[in-house]
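These protein sequence lines map, in sequence, to chains A and B.
Counting in full-length UniProt numbering, the first sequence runs from 1 upward without gaps.
Counting in full-length UniProt numbering, the second sequence runs from 1 upward without gaps.
C-beta atoms are modelled at their ideal positions from N, C-alpha and C, and glycine is treated no differently.
Worksheet: one structure, shown below.
Number of protein chains: 2
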Amino acid sequence: MSNYSAPIRDMQFVMQELAGLDKVAALPGNEEVSPDLVDAILEEAGKFAGGVLAPLNRIGDEEGAKWSQGGVVTTVPGWREAYRQFCEAGWPALAGEPEFGGQGLPKLISTAVMEMWKSANMAFSLCPMLTTGAIEALLLRGNDEQKAMYLPKMVSGEWTGTMNLTEPQAGSDLAAVRTRAEPQGDGTYRIFGQKIFITYGEHDLTDNIIHLVLARLPDAPEGVKGISLFVVPKFMVNADGSLGARNDVECVSIEHKLGIHASPTCVLAFGDKGGAIGTLVGEANRGLEYMFIMMNEARFAVGMEGLALSERAYQHALAYAKDRVQGTEAGVRGGPKVSIIHHADVRRMLMSMKSQTEAMRALAYVVGAATDLAHHHADEAVRASNQAFVDLMIPVVKGWCTENSIEIASTGVQVHGGMGFIEESGAAQHLRDARITSIYEGTTAIQANDLIGRKIARENGVTIKSVIAEMRSVGAKLAEGDDEALAAIGRALHAGIEALEQAVAYILATYAGDIKAASVGSVPFLKLFGIVAGGWQMARAALIAKAKLDAGEDGGGFYRAKVVTARFYADHVLAQAPALSYTVVNGARGALDLPEDLF
Amino acid sequence: MSNYSAPIRDMQFVMQELAGLDKVAALPGNEEVSPDLVDAILEEAGKFAGGVLAPLNRIGDEEGAKWSQGGVVTTVPGWREAYRQFCEAGWPALAGEPEFGGQGLPKLISTAVMEMWKSANMAFSLCPMLTTGAIEALLLRGNDEQKAMYLPKMVSGEWTGTMNLTEPQAGSDLAAVRTRAEPQGDGTYRIFGQKIFITYGEHDLTDNIIHLVLARLPDAPEGVKGISLFVVPKFMVNADGSLGARNDVECVSIEHKLGIHASPTCVLAFGDKGGAIGTLVGEANRGLEYMFIMMNEARFAVGMEGLALSERAYQHALAYAKDRVQGTEAGVRGGPKVSIIHHADVRRMLMSMKSQTEAMRALAYVVGAATDLAHHHADEAVRASNQAFVDLMIPVVKGWCTENSIEIASTGVQVHGGMGFIEESGAAQHLRDARITSIYEGTTAIQANDLIGRKIARENGVTIKSVIAEMRSVGAKLAEGDDEALAAIGRALHAGIEALEQAVAYILATYAGDIKAASVGSVPFLKLFGIVAGGWQMARAALIAKAKLDAGEDGGGFYRAKVVTARFYADHVLAQAPALSYTVVNGARGALDLPEDLF
Chain A
1 MSNYSAPIRD
11 MQFVMQELAG
21 LDKVAALPGN
31 EEVSPDLVDA
41 ILEEAGKFAG
51 GVLAPLNRIG
61 DEEGAKWSQG
71 GVVTTVPGWR
81 EAYRQFCEAG
91 WPALAGEPEF
101 GGQGLPKLIS
111 TAVMEMWKSA
121 NMAFSLCPML
131 TTGAIEALLL
141 RGNDEQKAMY
151 LPKMVSGEWT
161 GTMNLTEPQA
171 GSDLAAVRTR
181 AEPQGDGTYR
191 IFGQKIFITY
201 GEHDLTDNII
211 HLVLARLPDA
221 PEGVKGISLF
231 VVPKFMVNAD
241 GSLGARNDVE
251 CVSIEHKLGI
261 HASPTCVLAF
271 GDKGGAIGTL
281 VGEANRGLEY
291 MFIMMNEARF
301 AVGMEGLALS
311 ERAYQHALAY
321 AKDRVQGTEA
331 GVRGGPKVSI
341 IHHADVRRML
351 MSMKSQTEAM
361 RALAYVVGAA
371 TDLAHHHADE
381 AVRASNQAFV
391 DLMIPVVKGW
401 CTENSIEIAS
411 TGVQVHGGMG
421 FIEESGAAQH
431 LRDARITSIY
441 EGTTAIQAND
451 LIGRKIAREN
461 GVTIKSVIAE
471 MRSVGAKLAE
481 GDDEALAAIG
491 RALHAGIEAL
501 EQAVAYILAT
511 YAGDIKAASV
521 GSVPFLKLFG
531 IVAGGWQMAR
541 AALIAKAKLD
551 AGEDGGGFYR
561 AKVVTARFYA
571 DHVLAQAPAL
581 SYTVVNGARG
591 ALDLPEDLF
Chain B
1 MSNYSAPIRD
11 MQFVMQELAG
21 LDKVAALPGN
31 EEVSPDLVDA
41 ILEEAGKFAG
51 GVLAPLNRIG
61 DEEGAKWSQG
71 GVVTTVPGWR
81 EAYRQFCEAG
91 WPALAGEPEF
101 GGQGLPKLIS
111 TAVMEMWKSA
121 NMAFSLCPML
131 TTGAIEALLL
141 RGNDEQKAMY
151 LPKMVSGEWT
161 GTMNLTEPQA
171 GSDLAAVRTR
181 AEPQGDGTYR
191 IFGQKIFITY
201 GEHDLTDNII
211 HLVLARLPDA
221 PEGVKGISLF
231 VVPKFMVNAD
241 GSLGARNDVE
251 CVSIEHKLGI
261 HASPTCVLAF
271 GDKGGAIGTL
281 VGEANRGLEY
291 MFIMMNEARF
301 AVGMEGLALS
311 ERAYQHALAY
321 AKDRVQGTEA
331 GVRGGPKVSI
341 IHHADVRRML
351 MSMKSQTEAM
361 RALAYVVGAA
371 TDLAHHHADE
381 AVRASNQAFV
391 DLMIPVVKGW
401 CTENSIEIAS
411 TGVQVHGGMG
421 FIEESGAAQH
431 LRDARITSIY
441 EGTTAIQAND
451 LIGRKIAREN
461 GVTIKSVIAE
471 MRSVGAKLAE
481 GDDEALAAIG
491 RALHAGIEAL
501 EQAVAYILAT
511 YAGDIKAASV
521 GSVPFLKLFG
531 IVAGGWQMAR
541 AALIAKAKLD
551 AGEDGGGFYR
561 AKVVTARFYA
571 DHVLAQAPAL
581 SYTVVNGARG
591 ALDLPEDLF
């Protein structure tokens, strides 16, 4: 069993000192946002996450969602009650559009709250997450009738939503989607086809489920430009909002997965009994384009899963390391037995978990705040520069945080020693849960291709160069003083920035002429960028913490801890940057030269 | 489902070209060892591994060993028959002492064969592996009666053996063992206590199980110097070799683990009904010392698990990557769909798995051959230098191969995309199975402490410096020619050796005065040494392969592949060495400066 206690102090620090909560609060529509309001929300969310969701995490893993004949999916005992409380407390509506009953709070705040749900119980959090994606699709491109019919109940959580993209032959390559939509002449369509990997595609938490489905019209062009988006409810909705007939969509099985057992991953059959009735969202043949618009949101959310699972794994390992007594202090013969946090390598592992988690949080929240500015700032130029930054960083938040979370959760197992391998301890669940995050919503390779192609090469590196310039200015400040820790951070950051610049130059020089060579380096480049961007944020944090300390503020030790943590990050994590850059620049031939038959 | 095909070609290359099979064959007692004999053994073992053991791997994971009331443990369907065939074919006796029915073949050969068992079915292989450990203990310190009573049937596999070390409060810290042994005055002892994590502590494969148990005598000193070793059979053995009364040892439960489900991990209760009868092995109070003697063997074997699981995960991912069609060739719009091995990042992942697996194999077999020389060479100086090399490298083989295997198996999951997360595909099992290897037989931290303390600092780095000198001579050869690939390998090897030397200098300068600072760097150092040692062996392999190619030998593409693979390893793996060295040298403060209450 592990408890979860929301890391509110670090969340506040990051929101206020690094992400610019004041600037977000100054945006039009955010008049009520204040540090006090934020603190109140974080406190309430923390209570719900730690008190209601976290205790269900383990049973969710052990029992898992159950499928039974007739396509019925039963969630884990406790899930229905927790979901009811979740909705009653108004959590689904936190960032929702006020027009449809949402509270319209900034992304920066919902980001912190989302982190808590995901830390407490990732499998649970997937249901509201997918609903948010479906809401987004309807908000963006739904017509008034669709919005009125579905959005209020989805924003409140009364109904949930799903995203139906994948088919057996169409995973990363959605151009291969085959599900058909036949127009009925009355504005509705009949949908036929099978979708797989549909998260919460069927469940017993709510009366209705609203499926968003990619399918092809009869006259659609082949490939990516012939895919349309449809909304297909589990139960038809009458004009008065009451539920009508059961639609022709059935859950034919759920997957037996490595992790997130409590989240039903469904195979959905559309149209086995004559066609599932749906309506077109937006224009025909533009479904994939709509998906891409929503993708930032979804990828950011999965990146947050990486952060959140890392935090949970860290708390779990830390509690064990403080509790477990084994051996004596190094170099002390015959001394008293000590808790394992006294052992140097256990400390190293814990600091590695802690420092990377804090770096991820800092970067993710900064991107969350930039999203607010990109959407709501009065100045168009500010909106545009923030949007460019968000677009650049989304694949990094997604790819880097999720890859990290696998390693961090694995380190959490290692801290537990033999007990880590025993499921009862709960440490292994975090690793199993984390393992999906670098795969769904686009594998790390897909993030990395998006990063080097659409986000860097296409604009000749304009945005990343401006980010690097900001990093350099932080680096310069570190070099100014004579503090030993800041100087150490400065050395590693300087080397990291140099390494990143070399890798960017290689990508820009190579992408157009030799896309395969550039692509070999894409995942190492994404990790490099994530590590250096995390180092940039940790360096900012260290500078601020040092200034507070110099001003006589200790913050209950928080600022001292931040400086040490940033230093650890610099010497153990940021230090990897030059090696990754070397691989980006030199690694193509070794990866491409072997003929397929010699593998 | 995944198949396993023993990588015989690479095994032969490594044995003959890198590990010096000829030198091993020239040792006294190895007169019959020839390349032909080796080939015949590898072929037969490969058939058994691929045909009998590998097909049981998946069902072993799905069904797992079962415990039932009364302490009965039932192995997975198929296990008994496979074990019977395994013994009938004579595999348990391959490296056993001829005096007790073994074939006495060199370690180098049994290493390759062991790799196959572990790749095919790690959970199965644990039973003979633990038996080998128990045999070793009896061979080393058993008296004639004990040897005659137990060894012939253990060497043949008719009985299996176990190692009973761990107790709930005594994991890594065996000084804390509390199990008691009370002398009966007739040369026997009654054992009382509970042991946990006992691999194959109970099962239905054989009529008897021979437990080796650490326990304390009534008058024993506290701590490590008061632990004795006992042999405690499940069934008493009569003078004529027939089985007598059931001994007082019972399996009270088995663990629910992340992986190796088919290997029963038992809680054994000794003495609940008056005392389990055992006899002392060797002298009183020297049990831990005996364990240390056997530890090289066991740690090497677990390192082999890391190699073996990496090979299996690679084969599994490769088959999927050649089969799975998704997307088009990069840069080709509207082209035909291709198998995913055509995508640059999938290639990168596969090459990363393949190159590290080959590097691990090379290093492990070189250490295996050195073990043969250390035990059997006629010249005492040669024996001593080889033993020093083996002692130095064992923690590296154990720690580096097992840590690698976790990452490599995780990469195998990633190659599978969404299917990797579905248990049906089998990719996740390798990750789950691999996760124990860096924990049992001493965690990576324990290996790393052994490495920097006992193996390096204690002798002031004499052996590692001589190894580095050998590395340098290989590096010099790489720089000689004008081959582009060899030059690239040479650059990375040179940087790796420099990095290793700096880290060794830091360890030597720091260990005595500041053991905690040195210890923070111990695991990064172990990885650094593993990476550079693997690079050294891959560089040797590339030089040999290049010479063959220059001489007109292609080996069916094997030599071309070896050069490319070594180059990939250099640019993607060996390239990490300087970063690890930086962390070893600079990482102490960040890891040690945070007070415990600020975590």
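Cβ-Cβ separation, residue j to residue i (assumed contact under 8 Å), whole Å
{"i": "A:Ile464", "j": "A:Ile456", "result": "6 Å"}
{"i": "A:Leu373", "j": "A:Val382", "result": "6 Å"}
{"i": "A:Gln567", "j": "A:Ile497", "result": "Just to set this straight, residue 567 of chain A is Arg in the shown sequence, not Gln. The pair is not a contact, with the Cβ atoms about 17 Å apart (cut-off 8 Å)."}
{"i": "A:Leu327", "j": "B:Asp173", "result": "A small correction: the amino acid at residue 327 of chain A is Gly; Leu does not occupy that position in the sequence shown. Yes, they are in contact, since the Cβ atoms of A:Gly327 and B:Asp173 sit about 4 Å apart, within 8 Å."}
{"i": "A:Ala384", "j": "A:Gly64", "result": "Their Cβ separation, rounded to whole angstroms, is 46 Å, which puts A:Ala384 and A:Gly64 out of contact at 8 Å."}
Those residues which DSSP pairs with residue i across a bridge
{"i": "A:Ile209", "result": "A:Thr160"}
{"i": "A:Ser253", "result": "A:Val267"}
{"i": "B:Ile191", "result": "B:Ala181, B:Ala276"}
{"i": "B:Arg216", "result": "B:Arg180"}
{"i": "B:Thr74", "result": "B:Lys66"}
{"i": "B:Arg246", "result": "B:Phe235"}
Residue i at chain A interface by Cβ criterion, 8 Å
{"i": "B:His261", "result": "no"}
{"i": "B:Pro218", "result": "no"}
{"i": "B:Phe529", "result": "no"}
{"i": "B:Met393", "result": "no"}
{"i": "B:Lys354", "result": "yes"}
{"i": "residue 600 of chain B", "result": "Limits of chain B in this structure are 1 at one end and 599 at the other, which puts residue 600 of chain B out of reach."}
Reference residue i; option with closest CA among the options
{"i": "A:Gly412", "options": "A:Lys354, A:His377, A:Gly287", "result": "A:Lys354"}
{"i": "A:Cys127", "options": "A:Arg84, A:Ala148, A:Asp144", "result": "A:Arg84"}
{"i": "B:Asp248", "options": "B:His261, B:Ile209, B:Asp554, B:Gly552", "result": "B:Ile209"}
{"i": "A:Pro395", "options": "A:Thr443, A:Ser466, A:Val338", "result": "A:Thr443"}
{"i": "A:Gly590", "options": "B:Lys66, B:Phe13, B:Gln169, B:Ser352", "result": "B:Ser352"}
{"i": "A:Ile515", "options": "A:Ile452, A:His430, A:Leu526", "result": "A:Ile452"}
{"i": "B:Thr109", "options": "B:Val397, B:Tyr569, B:Arg299, B:Ala369", "result": "Sequence inspection shows Ile at residue 109 of chain B; the Thr mentioned does not correspond to that position. Comparing Cα positions, the closest option is B:Ala369."}
{"i": "B:His316", "options": "B:Val462, B:Gly426, B:Arg246, B:Leu363", "result": "B:Gly426"}
Chain B contact for residue i (CB, 8 Å cutoff)
{"i": "A:Tyr582", "result": "yes"}
{"i": "A:Gln414", "result": "yes"}
{"i": "A:Met538", "result": "no"}
{"i": "A:Ser519", "result": "yes"}
{"i": "A:Ser242", "result": "no"}
Partner residues on chain B for residue i, Cβ-Cβ distance less than 9 Å
{"i": "A:Thr166", "result": "Gly418"}
Chain B contact residues for residue i, given Cβ-Cβ distances below 7 Å
{"i": "A:Phe421", "result": "Lys257, Leu258, Arg435, Ile436, Ile439"}
{"i": "A:Gly587", "result": "Asp571, His572"}
Closer than 8 Å at the beta carbon, the chain B residues around residue i
{"i": "A:Ala406", "result": "A small correction: the amino acid at residue 406 of chain A is Ile; Ala does not occupy that position in the sequence shown. Within chain B, the residues near A:Ile406 are Ser410."}
{"i": "A:Gln576", "result": "Gln576, Ala579"}
{"i": "A:Ile452", "result": "The contacting residues do not exist; A:Ile452 stays about 11 Å from chain B at best."}
Contacts that residue i makes with chain A (C-beta to C-beta distance below 8 Å)
{"i": "B:Phe197", "result": "Gly418"}
{"i": "B:Lys118", "result": "Result: empty, since nearest Cβ-Cβ is about 17 Å, beyond 8 Å."}
{"i": "B:Lys516", "result": "Ala330, Gly331, Ala344"}
{"i": "B:Met351", "result": "Gly590, Ala591, Leu594"}
Residue i: contacting residues in chain A (beta-carbon distance under 7 Å)
{"i": "B:Gly327", "result": "Ser172, Asp173"}
{"i": "B:Ala541", "result": "What B:Ala541 touches in chain A: nothing, since even the nearest Cβ is about 14 Å away."}
{"i": "B:Met295", "result": "Here the premise fails: no neighbours, minimum Cβ distance about 17 Å."}
{"i": "B:Ser522", "result": "Asp345"}
Cross-chain neighbours of residue i in chain A, by beta carbon under 9 Å
{"i": "B:Asp186", "result": "None at all; the shortest Cβ gap to chain A is about 36 Å."}
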